[in-house]
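Those sequence lines, one after another, are chains D and C.
Heads up, the first sequence is in my numbering, so the first residue is 30 and it goes up one at a time.
Heads up, the second sequence is in my numbering, so the first residue is 30 and it goes up one at a time.
See structure below.
Number of protein chains: 2
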Amino acid sequence: MARLPVYLRALHALQDRGVATVSSEELASAAGVNSAKLRKDLSHLGSYGTRGVGYEVEYLVYQISRELGLTQDWVVAIIGVGNLGRALAGYGGFASRGFRVAGLLDADEQIVGQEISGLTVRHIDRLEDVIGEHGVSIAVIATPAGAAQGVCDRVVAAGVTSVLNFAPVVLTVPEWVDVRKVDLSIELQILAFHEQRKAGGPDGAGGRPSALDSGPPEPVHYVEAAE
Amino acid sequence: MARLPVYLRALHALQDRGVATVSSEELASAAGVNSAKLRKDLSHLGSYGTRGVGYEVEYLVYQISRELGLTQDWVVAIIGVGNLGRALAGYGGFASRGFRVAGLLDADEQIVGQEISGLTVRHIDRLEDVIGEHGVSIAVIATPAGAAQGVCDRVVAAGVTSVLNFAPVVLTVPEWVDVRKVDLSIELQILAFHEQRKAGGPDGAGGRPSALDSGPPEPVHYVEAAE
DNA sequence: AATTGTGAAGATCTTCACAGCC
DNA sequence: GGCTGTGAAGATCTTCACAATT
């Protein structure tokens, strides 16, 4: 279930604040979901709550981590060390929770050999070697669009079964391989769509892109984030 | 509808290849969706196809662009110029389709004043000025988690109504503001979950994280991507 | 008294299958 | 003949509301 990581993050935040026990209502609001949904999601993992009391934070953290496979380490390779690949290589969230970056690869001779976040960038020719040597099971593709499918085919042939794709293409993979896609321009386009809606729709009378003086519908005060 | 940007990208690829007309079947497969779904999605925009023929690529590109609000320019500010913010600032997908980055802001004095992708980084104190001067309607938050909600509150107070959040927190916003979230570690966790499934589930007998020798279920040849 | 776990109802999304049109 | 547009069926996801349990 795609919401478990969100719950896990909220639970970690509670843990940091020293909270030992939490109700579905509280946790749901921290995670930004409905409490019935949260209870149903959690009940799929087993009966880890206590009626009348709530959930024990630490126990639930462990159970969700186990369910997500975070109790073991996963080996990651990042292919494409441009701006984005560099940002990913330095991203703390990788290392922190069971994801170990074992290789950075690029086709550009200028970049190969550079040391980034403690790793030396290797040439894309060595892709299969790196995957084999380190037992990489997750590949992060941060190449230009044109190179992505070729790289994907190669990592799959080398044994990778999960791909996180940042290139703006729909990757074709065998059915036993999982692909997830992160596409910045799609996210922006979805926001633009909603912006336009607010400004009166596509054929509305002179929608203003930079909707500054429209202001909020009502001067409402709103609460701070739970974090 | 969140799939329109995907269709649009597939259509642009067809356009580049000089294709003038496309059937729902072809376009659906390029976009990785079911053809009935594609037709239903498109029919929501109006009746832009011709029975027995298909859709005229150029006309459809225009209609979807219009629906998504890409026929006008949107002004974007990026807050937080770390590794990720830098990658975003240099990302071609921003400029190419109607998104103009008008400001880069950071709290770190070391970073303020640096020139990145043709823009000078300004101090976060000037956030409201930058938003006002340029008519920013979309804010991209690429700050550390702890700073994100505060920054969000400020951009909202300054008139921003769409937020693209890269910080690993659930942002709380007034109901008239749209938030989209991109979370790398959540994507990785979802992949880890599926990896584990393949390896035999959380309590399976010794699941191997680096599933190298498990190999594909069947030695099937698979087709290349459409683009 | 409080809160979980869950049937049942409701909402939404997906797919089928075919009438209608070119 | 071929393909779109869409009603109806099916699947899935969400929410309600309450019995079960501590």
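Beta carbons: idealized from backbone N, C-alpha and C, even for Gly.
Residues of chain D with CB closer than 8 Å to the CB of residue i, please, in chain order.
i, result
"V211 (chain C)", "V211, L213 and E216"
"A136 (chain C)", "Those within 8 Å of A136 (chain C) in chain D number zero; the least Cβ separation is about 18 Å."
Against residue i, what residues of chain D qualify as contacts under a CB-to-CB distance less than 7 Å, listed in chain order?
i, result
"D223 (chain C)", "Contrary to the premise, residue 223 (chain C) reads as His rather than Asp in this sequence. Within 7 Å Cβ-Cβ: S191 and D207."
"A31 (chain C)", "I219"
Is the beta carbon of residue i less than 9 Å from the beta carbon of residue j?
i, j, result
"F128 (chain C)", "V105 (chain C)", "yes"
"L200 (chain D)", "V189 (chain D)", "no"
"V51 (chain D)", "L40 (chain D)", "yes"
"A176 (chain D)", "G109 (chain D)", "yes"
"L220 (chain D)", "R126 (chain C)", "no"
"G78 (chain C)", "S94 (chain C)", "no"
"A124 (chain C)", "R115 (chain D)", "no"
"A186 (chain C)", "I145 (chain C)", "no"
"D158 (chain D)", "P34 (chain C)", "no"
"P203 (chain D)", "I215 (chain D)", "no"
"S72 (chain C)", "S64 (chain C)", "no"
"L113 (chain C)", "Y84 (chain C)", "no"
"I160 (chain C)", "D135 (chain C)", "no"
"V180 (chain D)", "A168 (chain D)", "yes"
"E87 (chain D)", "G98 (chain C)", "no"
"W205 (chain C)", "K66 (chain D)", "no"
"V90 (chain D)", "Q44 (chain D)", "yes"
"L74 (chain C)", "Q92 (chain C)", "yes"
"G111 (chain D)", "A171 (chain D)", "yes"
"L156 (chain D)", "R183 (chain D)", "yes"
Tell me where the alpha helix (DSSP H) around residue i begins and ends.
i, result
"A221 (chain C)", "L213 to K227"
"A65 (chain C)", "S64 to S72"
"A177 (chain C)", "A174 to A186"
"A106 (chain D)", "No alpha helix (DSSP H) holds A106 (chain D); the beta strand (DSSP E) holding it covers W103 to I108."
"Y84 (chain D)", "Taken as a continuous stretch (DSSP letters only), Y84 (chain D) belongs to no alpha helix (DSSP H), being part of the beta strand (DSSP E) at G83 to E85."
"R155 (chain C)", "Per DSSP, R155 (chain C) belongs to no alpha helix (DSSP H) and is neither H nor E."
"V35 (chain C)", "L33 to D45"
"R80 (chain D)", "Counting along the chain, R80 (chain D) falls outside any alpha helix (DSSP H), and DSSP gives it neither H nor E."
"E54 (chain D)", "S53 to A60"
"A49 (chain D)", "Taken as a continuous stretch (DSSP letters only), A49 (chain D) belongs to no alpha helix (DSSP H), as it is neither H nor E."
"G122 (chain C)", "G121 to S125"
"G164 (chain C)", "Note, G164 (chain C): premise wrong, no alpha helix (DSSP H); not H, not E."
Any beta carbon of chain C sitting closer than 9 Å to that of residue i?
i, result
"Q139 (chain D)", "no"
"G109 (chain D)", "no"
"A39 (chain D)", "yes"
"A176 (chain D)", "no"
"L117 (chain D)", "yes"
"L43 (chain D)", "no"
"V48 (chain D)", "no"
How would you write the range of the beta strand (DSSP E) that residue i sits in, first residue to last?
i, result
"S191 (chain C)", "S191 to N194"
"E132 (chain C)", "Before going further, note that residue 132 (chain C) is Gly rather than Glu in the sequence given. F128 to D135 is the extent of the beta strand (DSSP E) around G132 (chain C)."
"I167 (chain C)", "I167 to I170"
"R151 (chain D)", "L148 to H152"
"K208 (chain D)", "A quick correction: the sequence has Val, not Lys, at residue 208 (chain D). First-last of the beta strand (DSSP E) with V208 (chain D): D207 to K210."
Can you pull the chain C neighbours of residue i, defined as C-beta to C-beta under 9 Å?
i, result
"I167 (chain D)", "L217, L220, A221 and E224"
"Y120 (chain D)", "N112, L113, L213 and S214"
"V35 (chain D)", "V199, D212 and I215"
"A196 (chain D)", "The contacting residues do not exist; A196 (chain D) stays about 10 Å from chain C at best."
Cβ of residue i less than 9 Å from any chain D Cβ?
i, result
"V180 (chain C)", "no"
"A255 (chain C)", "In this prediction, A255 (chain C) has a pLDDT of 27, which is less than 50 and means its spatial position is unreliable; what the coordinates show is noted afterwards. For A255 (chain C), the answer is yes, since a Cβ of chain D falls inside 9 Å of its Cβ."
"A234 (chain C)", "Reliability fails at A234 (chain C), whose pLDDT of 38 lies under 50, so the model's placement of it is uncertain and no value is given."
Chain C partners of residue i, CB-CB under 7 Å?
i, result
"R277 (chain D)", "This structure cannot settle anything about residue 277 (chain D), because the visible part of chain D is limited to 30 through 256."
Please find out if some non-hydrogen atom of the ligand NAP comes closer than 8 Å to the beta-carbon of residue i.
i, result
"G98 (chain D)", "No copy of the ligand NAP appears in this structure; indeed no ligand is present at all."
>> Against chain C, which members of the segment 55–83 of chain D pass a CB distance test of less than 8 Å?
In response: Result list: A59, A60 and G61.
> At a Cβ cut of 7 Å, what residues of the segment 92–109 of chain D count as close to chain C, listed as they run along the chain?
Replying inline: For the segment 92–109 of chain D, the set of residues with a beta-carbon nearer than 7 Å to any beta-carbon of chain C comprises R95, E96, L97, G98, L99, Q101, D102, W103 and V104, in chain order.
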